[in-house]
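Encoded as C-alpha cells, the structure appears first; notes follow it.
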Amino acid sequence: MIDPTSPVPKYSQLREILLDWIEESRLGVDDAVPSERELGVKYGLSRMTVRQTIDHLVAEGKLYRVPGKGTFVARPKIEMSLRLASFTEDMRSRGYVPGARDLARRIVPARGHLARMLGIAPGTPVHHIERLRTADGEPMAVERSNIPLSVAPGLNEHSLSGRSLYQLLEEEYGLLLDSGEQTIEAGICDSTDARLLGLPSASAVLLLQRRSFANGRCAELAISTYRADRYQLHSTLDPQR
Ligand code: 16G
Numbered sequence: 000m001i002d003p004t005s006p007v008p009k010y011s012q013l014r015e016i017l018l019d020w021i022e023e024s025r026l027g028v029d030d031a032v033p034s035e036r037e038l039g040v041k042y043g044l045s046r047m048t049v050r051q052t053i054d055h056l057v058a059e060g061k062l063y064r065v066p067g068k069g070t071f072v073a074r075p076k077i078e079m080s081l082r083l084a085s086f087t088e089d090m091r092s093r094g095y096v097p098g099a100r101d102l103a104r105r106i107v108p109a110r111g112h113l114a115r116m117l118g119i120a121p122g123t124p125v126h127h128i129e130r131l132r133t134a135d136g137e138p139m140a141v142e143r144s145n146i147p148l149s150v151a152p153g154l155n156e157h158s159l160s161g162r163s164l165y166q167l168l169e170e171e172y173g174l175l176l177d178s179g180e181q182t183i184e185a186g187i188c189d190s191t192d193a194r195l196l197g198l199p200s201a202s203a204v205l206l207l208q209r210r211s212f213a214n215g216r217c218a219e220l221a222i223s224t225y226r227a228d229r230y231q232l233h234s235t236l237d238p239q240r
C-alpha cells in the first residue's frame, strides 16, 4: 500500500510495489502491467504519478510499451561478463544457443588508429570480420573483429558459420588468448546497426572496444555494438588498497 505520510515520494513507492511484483514473480516476463487507470484507483494515485513511475521503469528497461496494447514486463537483461570469454562460451554458459551471421569478411590494410591499436605498422594487412551475434536466434550484438594477417594467415579460407572465432584461432593456429583490455561506453546506434539488431533507429547501445592478446601480442581488436536493452554491466568490487 502507498503510505501518504511517508517522506518517500509516491511514485517511488509505486515503483517499489511494481518491482516487488516482478521480483516475486507475481508478474512474469511479457505479462501485462495493470493500466494506469487501474493502478491509480487501486493505490489512490493520480494518473500523472502512475505515468511517472511507468515512464521510469520503461526507460530503465524493466517494462516495455506496445502502442495500443499496454505495458508489459521486459526480460531481465543479460549481465555482461568482464572476462576474456568468447561470445559462444558466454552465451552457452547462460543456457542460450549462440549464433553468428556473417556480414562481411575482407582483408584490408590497417590505417592510423587500427594499426596503432594492433601494434602493427600502417599498411599491414588485417582480416576484417563483421558478424551479427545471436542468442536463441535473437540479434544481440554486431561484432567487428580485426586480426593481423600474420597472426592467422589463411583465416579467410575458414568458414565461421556455426563456429567460434576463438575456437578456430586455438584449433587452427594454436593461439590461446591470455589477456585483454576493454572499454565500454554508452552510445546511440547508427541506422545500419539499428537495422541489424532490429532496434528503432538511434536506440541506446553499449559500444565495446576490446583488445585481446596472445603471448604479449595483440591478436584481435574487436569493435562491437551491444544492445543496451538486453545487456547490463555487472562486476564484483574489491576494496581499494
Ligand atoms: C567476444 C569478444 C569478441 C570476439 C568474440 C569471439 C567483444 C566484447 N568480445 O564476443 O572480441 O570476437 O567473443 O566469439 O567484442 P566467438 O569465439 O564465439 O566467435
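In numbering that gives the first Met the number 0, the protein residues as written are 0 to 240. Beta carbons are placed, not taken as given, at the ideal position from N, Cα and C, and that holds for glycine. All of these numbers come straight from a predicted model, not from anything done at the bench.
*Where S92 and F212 are concerned, what is the direct C-alpha to C-alpha distance, given to the nearest angstrom?*
23 Å
*At 4 residues or longer, and completely inside the segment 11 to 42: list those alpha helix (DSSP H) runs for me, N to C.*
35 to 42
*For the candidate residues V32, I183, E170, R105, whose alpha-carbon lies nearest to that of I146?*
R105
*Go ahead and pull the three-state DSSP assignment for V72.*
strand
*asked:* Following a CB-centred definition, is P97 positioned closer than 7 Å to any heavy atom of ligand 1?
replied: yes
*Look at the alpha carbon of Y63 and the alpha carbon of V28, and state the distance between them as a whole number of angstroms.*
10 Å
*Can you give, in chain order, each stretch of the beta strand (DSSP E) that sits fully within the segment 71 to 114 and has at least 3 residues?*
77 to 79, 97 to 108
*In the DSSP assignment, find the beta strand (DSSP E) that holds V49 and state where it starts and stops.*
V49 -> not in any beta strand (DSSP E); alpha helix (DSSP H) instead, spanning 46 to 58.
*Express the C-alpha separation of Y42 and M0 in angstroms, rounding to a whole number.*
7 Å
_Collapsed DSSP secondary structure at N145 in the structure displayed_ = strand
*Say the cut is 7 Å; is the CB of T224 nearer than that to a heavy atom of ligand 1?*
no
_Nearest-angstrom Cα separation, counted from V204 out to Y225_ = 6 Å
*Hey, would you say the C-beta of A221 is under 7 Å away from at least one heavy atom of ligand 1?*
yes
_Is it the case that the segment 213 to 222 contacts the segment 113 to 124, given that we only count it when at least three CB pairs across the two stretches are under 8 Å?_
yes
*Pairwise C-alpha distance: G186 and A193*: 12 Å
*In the structure shown, what three-state DSSP assignment does M116 receive?*
helix
*asked:* Let's see if you can read the secondary structure: which residues bound the beta strand (DSSP E) around Q181?
replied: 178 to 187
_Reference V32, options S234, H233, L56, closest by Cα_ = L56
*Quick one: grab the DSSP three-state call for L175.*
coil
*So, helix, strand or coil for S211, using DSSP?*
strand
_Alpha-carbon to alpha-carbon, A114 and T241_ = Missing from the structure shown is residue 241; the chain here goes from 0 to 240 and no further.
*E266 and A221: beta carbons closer than 8 Å?*
For residue 266 there is no data in the structure shown, the boundaries of the chain being 0 and 240.
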